[in-house]
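A.B. asks:
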Amino acid sequence: MLSKKSAAIHSSPVRELLKFSKEPGFISLAGGIPATDMIDVEGIDSVLQQLLAEDHRDVFQYSVTEGEWPLRQSIANWTQNVGLPLDPQQILITNGSQQGIDLLNRVFLEKDDVVLVERPTYLAALQLLDYTEAVIEELAYQGDQIDLGALETRLAAGGVKMLYLIPTFANPTGRIIENEQRIEIVKLAHRYQVVIVEDDPYGHLAFTEQCRETFFSLAQQLYGVDHNVCYMSSFSKIFSPGLRLGWLALPEKFLMAVTVAKQALDLHTSTLNQHIAARYIASGRIDQRIALLKETYRQRRDGLIESLQRHLGDAITFNRPEGGMFLWCHLKEGMDASRLLKACIEEKVVFVPGDVFFAENPEKNALRLSYSMLTQQTADEAAVRIARALQTLSS
Ligand SMILES: Cc1ncc(COP(=O)(O)O)c(C=O)c1O
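Okay, so the sequence shown: first residue is 1 according to full-length UniProt numbering, each after it adds one.
1. Just to confirm, does S97 get its C-beta within under 7 Å of one of the non-hydrogen atoms of ligand 1?
2. Can you list, in chain order, the residues of its chain whose CB lies under 7 Å from that of S12, leaving out five sequence neighbours each side?
3. Can the beta-carbon of L109 be found less than 8 Å from the beta-carbon of K161?
4. With a threshold of 8 Å between beta carbons, is E110 in contact with chain D?
5. Have a look at H227, L243, L139 and V117 and flag the residue whose alpha-carbon is nearest the alpha-carbon of Y192.
6. If you reduce the DSSP assignment to three classes, tell me which class Q142 lands in.
7. Considering A156, what are the terminal residues of the beta strand (DSSP E) in which it resides?
8. Regarding P353 and ligand 1, is the C-beta to nearest heavy atom distance less than 7 Å?
9. Report all residues from its chain with a CB closer than 6 Å to the CB of A35; omit the five preceding and five following residues, and keep chain order.
10. Can you round the beta-carbon distance between D200 and T168 to whole angstroms, since I take them to be within the 8 Å contact cut?
11. Quick one: what's got a C-beta closer than 6 Å to V384's C-beta in the same chain, skipping five residues either side?
12. Cβ-heavy atom distance between I305 and ligand 1 below 7 Å?
13. What does the Cβ neighbour count give for N171, buried or exposed, with the cut at 16 atoms within 10 Å?
14. Find the nearest neighbour of D113 within the set H56, A157 and R119, judged by alpha-carbon distance.
15. Ordered along the chain, which non-local residues of its own chain (more than five positions away) have a Cβ less than 7 Å from that of E347?
16. Run the CB neighbour count on A150, radius 10 Å, all protein chains shown included, and call it buried at 16 or more, exposed below.
17. Would you mind listing the beta strand (DSSP E) stretches within the segment 285 to 352 that are 3+ residues and don't spill past its ends, in chain order?
18. Under 8 Å by Cβ, that's how I've got V115 and I136 pegged, so tell me the actual separation to the nearest angstrom.
19. Comparing C-alpha positions only, which one of L327, V197 and L341 sits nearest to T214?
20. For C230, I'd like the list of residues in its chain whose CB is within less than 6 Å of its CB, leaving aside the five on either flank, ordered along the chain.
21. Following a CB-centred definition, is G67 positioned closer than 7 Å to any heavy atom of ligand 1?
So, in structure tokens, the structure goes:
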């Protein structure tokens, strides 16, 4: 009964692995999820109590598709302070940034359009692209930066409609696209009339002071309102993923089409949840919470790195991300991270094998380790268990 497409698309291995995080005794380095102990439940409770103490009938009513005005305004005020000037009219509230990706795919992509993605990239974006009839191609790299010459050649050859990029602390690599590259990519996309989808759920979680400009603000500076960058971010990693709140910032020329797509899809995002977030941002607690998250995740990153070095030595190599939640790791050439995962499940520790994040030619020896949930003690125990599992593979 299923359509060919639905029958061909499988459940995300990351979501499958999430079940282990609930099983007693398991240590999970699999989920790209914020630390549960870091969700500001008191802050959320306090704004909710304020809301309920007032005349709050409207927060249980249907809302407009674009999103509740107080939330759009709060986001615009807040992003202004973090270097992203936005007009609230440019903002569309979504059910998490996952919905932002879906809406943009629906609005821009037709059969055989080419979408260029990073190598590797966010698994659930690949999964959504599989529902379109577009063709996914990976960008070429020089070291860990995009090969701009190869990009221009590819754009000049035609057929490319969209560039899907996670420029800051990417999932799964933690990689950053540097400012000079951002400017060149914006110019290339403009010259060849390609849409840039800028997915930025981790940019707020920087461990250093170094600031990168968004593609969106660079494009605004270069081309005024007539640019082709669609920016999206999320409250999932900095506030609460369960409230399912994200937002898109769009050039005016795309606003209507994307709003109509959301109208058709789900009418609007939860009114109550939008008001909770609007008040939370306006209260200023979000900045305090982000400061705490950055410090905690920096410590957790360092803790995991130390434990891996202590217990795995040169059996594993990895980057040192300047923000976000992930270590992108490699086992020795010829090793298979999926086989290691099987052995690790016996040891009650899980991670995501890296091959799932590739659109083409997967690296079998890659793996993604998330440190957001780990204390020093669990990081150490996880490394001990992974080392034991590695030993069973080689014995
Ligand atoms: C790169 C990226 N984009 C989008 C999302 C979706 O996030 P949400 O829908 O919770 O905002 C995630 C979640 O892990 C992500 O890593």
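All C-beta atoms, glycine included, are put in the ideal place defined by N, C-alpha and C.
C.D. replies: Taking the coordinates as given:
1. yes
2. L123, A124 and Q127
3. One thing to note: L109 has its Cβ within 8 Å of the Cβ of K161.
4. The structure shown has no chain D; it contains just one protein chain.
5. H227
6. strand
7. Premise fails: A156 lies in the alpha helix (DSSP H), L148 to A157, not in any beta strand (DSSP E).
8. Not a single heavy atom of ligand 1 lies less than 7 Å from the C-beta of P353.
9. S372 and M373
10. 6 Å between Cβ atoms; contact.
11. When the five nearest sequence neighbours on each side are left out, the beta carbons in the same chain lying within less than 6 Å of the beta carbon of V384 are those of H311, in order along the chain.
12. no
13. buried
14. A157
15. R385, R388 and A389
16. exposed
17. 316 to 318 and 326 to 331
18. 5 Å
19. V197
20. Hits under 6 Å: L104, V197 and L250.
21. Result no, Cβ not under 7 Å from ligand 1.
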